[in-house]
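Sequential numbering from 53 applies to the sequence shown in the numbering used here.
Ideal placement from N, C-alpha and C gives every residue a C-beta, glycine not left out.
This one's a predicted model, so the numbers in the text were calculated from it and none came from an experiment.
In what follows, a structure is listed as structure tokens, so that the remarks can point back to it.
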Amino acid sequence: MSSRQFLRLEYVTSAEARSDGWHDVLGAAAFDDATPDIRALRSGGAEFPLAHVRTPVLGDAGATLEVWRVGGPVQPASSGHVRYSRSGDFLFGSVAVPEAELASAGGTSPRTPLESAADLAYREMYATLAAAGNPQLIRVWNYLADINLETHGLERYRQFNTARHAASLACGRAVTGSVPAASALGAAPGSPLTLYFLASHRAPAFIENPRQVSAYRYPAQYGPRSPAFSRATVLGEGSEATLFISGTASIVGHRTLHAGDPAAQTRETLVNIEALLEEAGRRSRMEALRLETLAYKVYVRDPKDWPAVRRELESALGPAASVLYLQADICRRDLSVEIEAAGGGRAAK
Ligand code: 3EB
């Protein structure tokens, strides 16, 4: 049988999106204010889960969709705050939890509204996975408003880490080692906590970066609970492998390098990504993936840094690479840029 299915990633502008076929879309994320486009998609019969992420798109592409396609028929469903779809071995889900919904949950609650929202989102995500036969999380994207703002005595990114850690343990999930690739970024003020995720019944390879301390082993100076993510995951082997590179930044060991120099941060980040490509190739007998063949999402904190960041990427990847630039706050104040990537499968051939 081995009806091997491949995940295929595309970034499409909303203008391109209207003319596309949607039958093989497992799930998608819309960046920037794509609300009218979402309505058009829905009225056109598109039923796949769609995360709405409020991070401005840099440049003039306008609202952009990140589209994950599979080979076969897709079954959409929902449960609580989770909208999800399954196709063969894959599950894609999207969850949005407004913090205001949780703010009245109880005056004596020891949790902040964000912690309550993250706790609920993660529990519902894990419950969805459990109901689907417990596939493994491969990749999670997390977006939260005011990520660097301190409230209740703790930066909101650190509150998020506290809740992710607790909810994962409570649901019997790993917080070190076998943890998904991830990104965690800021979103426009007032945005609900928004996650989307990919899961599979096959276990991925969990890849760490030899140049970096594993995020789940960060020392306590970065917050009371460490972020629970792997530097990358690889699903499948050889020419059928798909590589998911987590949000990657100018961090060596556990320290930020090149604070205040976005071009140098971009170069250091690319060195980290190359180290991950090498590790992934070694660990999963993948065809050597080259930097130029991946699809990238680049988060720039300050739009004025975008030209410098783009110059570095164009010189490293060439002009033809697939790169979506977004404005987003990053989880350490001294980071100006963060880059995630995915690639492989058929596209790598
Ligand atoms: C870092 O390397 C940068 O908390 O899920 C990157 C990817 C980062 C994922 C997360 C955080 C997360 O620590 C920040």
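Taking the C-beta atoms as reference points, F142 is found nearer than 7 Å to S252.
DSSP lists A284 as the beta-bridge partner residues of I259. Taken atom to atom, the span from the alpha-carbon of L172 to that of S367 is near 42 Å. At a cut-off of 6 Å, the beta-carbon of P355 does not count as near ligand 1: no heavy atom of the ligand is closer than that. DSSP lists S252 as the bridge partner or partners of Q188.
Taking all protein chains in view, the Cβ of H204 is surrounded by fewer than 16 other Cβ atoms within 10 Å, so the residue is classified as exposed.
For the 7 Å CB-CB criterion, D84 and A115 form a contact. Using a 10 angstroms sphere on the CB of L166, the tally of other CB atoms reaches 16 or more, which defines it as buried. For S220, DSSP assigns no beta-bridge partner whatsoever. D313 has its alpha-carbon roughly 45 Å from the corresponding atom of A129. Closest in C-alpha terms to G395, from the list T246, C223, Y348, P371, comes Y348.
Straight through space, the alpha carbons of A360 and A315 are spaced by roughly 6 Å. Beta-bridge annotation (DSSP): Q127 is paired with R138. Not one heavy atom of ligand 1 sits closer than 6 Å to the Cβ of I325. With fewer than 16 other beta carbons inside 10 angstroms of its own, Q127 counts as exposed. V286 is not a Cβ neighbour of A233, given a cutoff of 7 Å. Annotation for L117: V64, A69, A80, A82 place their beta carbon closer than 6 Å to its own, counting only its chain and skipping 5 residues before and after. At a threshold of 6 Å, I190 does not count as near ligand 1, since its beta carbon sits no closer than that to any of the ligand's heavy atoms. In this chain, the alpha helix (DSSP H) harbouring L172 covers 165 to 183. Residue range 347 to 352 is occupied by the beta strand (DSSP E) that includes V352. Within the segment 360 to 387, the runs of beta strand (DSSP E) at least 3 residues long that lie entirely inside it are, in chain order, 374 to 379.
Out of L250, N186, E176, A240, the CA that lies nearest to the CA of R216 is found in E176. In the DSSP assignment, I199 falls outside any alpha helix (DSSP H), carrying neither H nor E.
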